[in-house]
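*Asks:*
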Amino acid sequence: MGDKVGVPFTLIEETAPMEGCTISHPLVSSAFPGSYFVLAAGTDISEEMHPEARLLLVDEGTVEIRSQAETLWTLEAGNAAIVPAGMRFGVQAEETCVFRDVALEGEAMAGIEAGTTFRLQDLVPYREGAIVNRDLIANDAMKYVVMAFDEGCALSEHAAPGEALLTVLEGKATATYEGVPHELTAGESIRFARGGRHAVAADGRFKMSLAVSLG
């Protein structure tokens, strides 16, 4: 887990880019099969193949996903894509960018066909007076979910079974960690340690993603 626990941050704040370099870190913990990458302008990750499908989600900047020297997708901040298992692909950054790379089981994620692009916040609708939850990935090692909170909705204080990363996709919320409240806006994240007490309350309607390590 990163150095910042229980306080708001962005991934590019946590890992400042280095000219001419690419940097990778575990997204949540070593038990979570996913990482985030910070690419300086003009750098790339060489084409390679993986035995499992991959979820790619761009947090900052714009990236080109390439295969056999051809561009498959150009993904801007907030956009995601699923790369099919066994497909050769690489990542090109014309500008400084941050993206997440999460290994999936099988060819699809929660009914989303591999080879498609989308936005995480579009996967869950708002429902009046309710919290809508959609599991994107759920297995023995991790859970990765998106949630939509109507105005006034909240999760009461609880503790996660593993390390967790919450990211606001749209709107605003207050995340309270170990009794200390923090205001979060779209693009900001907060980490929770295993067993750390936390609560989440909507400030108007908002959507978030949550990655939890269960290993």
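Using the working numbering, read the sequence shown as starting at 1 and increasing by one per residue. Positions of the beta carbon are idealized from the N, C-alpha and C atoms, including for glycine.
#1: For Gln92, name the three-state secondary structure that DSSP assigns.
#2: Could you check which residue in Phe206, Leu166 and Ser213 has the C-alpha nearest to that of Val7?
#3: Whole angstroms is fine: what's the gap from Ala16's alpha carbon to Asp59's?
#4: In terms of DSSP beta bridges, what is Ala211 paired with?
#5: Could you check whether the segment 116 to 129 touches the segment 143 to 156, counting it as contact only if at least three pairs of C-beta atoms, one from each stretch, sit closer than 8 Å?
#6: So, helix, strand or coil for Asp122, using DSSP?
#7: Leu11 lies in the alpha helix (DSSP H); which residues open and close that run?
#8: Which residues in the same chain as Glu188 place their Cβ atom closer than 8 Å to its Cβ, once the five residues preceding and following it in sequence are excluded?
#9: Just the C-alpha distance for Gly196 and Ala202, rounded to the nearest angstrom, thanks.
#10: Residue range of the beta strand (DSSP E) that Asn133 falls in?
#11: What residues in its chain sit with their C-beta under 6 Å from that of Ala41, if we drop five residues either side in the sequence?
#12: Going by other Cβ atoms of all chains shown within 10 Å of its Cβ, with 16 needed for buried, is Met18 buried or exposed?
*Replies:* Let me lay it out:
#1: strand
#2: Leu166
#3: 14 Å
#4: Tyr144 and Leu165
#5: yes
#6: helix
#7: Leu11 to Glu14
#8: Pro8, Phe9, Thr10, Thr167 and Val168
#9: Cα-Cα distance, rounded: 20 Å.
#10: Ile131 to Ala138
#11: Non-local C-beta neighbours of Ala41 in its own chain, meaning closer than 6 Å and more than five positions away in sequence, comprise Glu95 and Thr96, ordered along the chain.
#12: exposed
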